[in-house]
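Its first residue numbered 3, the sequence shown is counted upward by one per residue in the working numbering. Glycine residues also receive a C-beta, built at the ideal position from the N, C-alpha and C atoms.
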Amino acid sequence: MKILFTAEYDENYLEQLQIFGEVNIQGWAKGIAKLSQAELQVLSKDVDIIITSYDDITKEVIDSATQLKLIACTRATPVNIDTTYAKEKGIKVIYTPGRNSDSTAEHTIALMLSIARKIPMAHQKLKAGQFTGQTNASEGPIDGLRKDVVWGFDDHSPYVVFKGMELKGKNLGIVGYGSIGRRVEKIASAFGMNILVYDPFVANIEIDGVGRQKVDFETLLKESDFVTVHLKVTKETEGTFNKDAFKKMKKSAYFINCARAAVMIEEDLIDALRSGEIGGAALDVFEQEPLWEGHPYITELDNVVITPHIAGATYDVLSNHTLMIIQELERFIKQEPLLYEFK
């Protein structure tokens with residue numbers, strides 16, 4: 003069996019993958035983020051299986067792969083594959099749902115802590131030379147410190163400038179209760195947060211435990227100290243977080259988005275941050291990526307924490323999706339029911 007492998011993968015599993023047949027590693031694994039249609043048509047000509055992450059497996063590529071039986075996508079949704087045409091041709095499509103749920107959920111919590119305690123702001127100022135001493139103190143340690151420093155209480159004191167809030171006892175609104183939203187709930191609950199959940203696509207949300215409740219969207223916005231969104235982008239969810247939504251949030255509330263930029267209207271968020279309509283935001287996704295160097299998030303706003311779309315960027319995610327694909331390939335070859343078939 004011939005396999006075209008163009009996805010990023012965990013090299014520790016390569017031998018297991020090679021058990022299934024002749025593996026031609028191209029694309030991402032060779033330092034090419036995305037292959038052209040012409041390249042894909044040539045490489046897939048006589049393969050039985052294509053394993054990819056971001057390459058566009060179009061009708062033309064599928065038609066070129068006359069022996070193709072299975073397409074595997076190492077993503078939560080195979081948006082780069084013409085799944086309708088593959089189905090018409092009798093070609094199965096598998097994917098890796100939940101492969102980055104833990105990574106994205108943990109990054110969400112990290113952003114919450116960062117904005118709540120103003121950690122990036124304090125780090126940036128300290129690295130820039132603010133709140134530093136003039137000399138290396140030579141006195142002996144006092145209670146573990148070289149010098150017992152008591153910060154002032156004026157507006158220039160780091161004790162005042164970077165004073166934040168605890169997560170414990172605060173209300174966390176989770177919008178989107180899929181695998182990532184559920185994982186965020188579990189971690190946040192361990193911090194002692196109260197959980198409010200809203201999902202427009204899940205009619206019967208079952209939430210067990212004290213401090214957890216299902217609410218409508220408006221209630222969630224009004225009562226949450228932190229609002230984190232984990233919705234997929236659909237016609238119904240585009241622009242969910244707009245000026246009306248931000249106006250309903252507490253003025254002290256923080257908005258966190260590790261999902262997709264399309265579920266919010268970025269200009270409305272910027273206006274809310276500028277005007278103090280909300281307390282701040284922590285974002286991993288943007289309307290335009292990479293983020294423009296002159297963007298207000300970078301040049302103007304000091305109540306926003308940003309990361310360059312890295313919520314799912316962990317070595318563990320590679321291990322997860324590589325192993326999921328290998329296990330699914332084994333089921334496919336043995337003609338057993340597939341766990342991750344996209345239908």
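Based on the DSSP output, what are the partners of leucine 6 in its beta bridges?
Asn26, Ile52
What alpha helix (DSSP H) runs, 4 residues minimum, are completely inside the region 215–271?
219–225, 245–250
How is asparagine 305 classed by DSSP in three states: helix, strand or coil?
coil
For arginine 119, which residues of its own chain have a beta-carbon under 7 Å away from its beta-carbon, when the five flanking residues on both sides are left out?
Gly166
Quick check: the Cα distance between isoleucine 5 and valine 319, rounded to an integer number of angstroms?
22 Å
Below 8 Å, how does it come out for the region 261–271 and the region 211–224: are there three or more Cβ pairs, yes or no?
no
What does valine 177 pair with, by DSSP beta-bridge criteria?
Tyr200, Val231
Using the C-alpha atoms, what's the distance from histidine 311 back to methionine 114?
15 Å
Rounded to the nearest angstrom, how far is the Cβ of lysine 249 from that of glycine 278, given a contact under 8 Å?
Not really, about 12 Å apart at Cβ, beyond 8 Å.
On the CB-based measure, 16 or more other CB atoms within 10 Å of its CB, does phenylalanine 7 come out buried or exposed?
buried
Verify whether the separation of the beta carbon atoms of lysine 47 and leucine 72 is less than 8 Å.
no
Give the straight-line distance between the Cα atoms of tyrosine 97 and alanine 284, rounded to the nearest whole angstrom.
29 Å
Proximity to glycine 21 [Cα-Cα], best of Leu340, Ile335, Tyr342
Looking at the sequence provided, one finds isoleucine at residue 21 rather than glycine. The shortest Cα separation from isoleucine 21 among Leu340, Ile335, Tyr342 belongs to Ile335.
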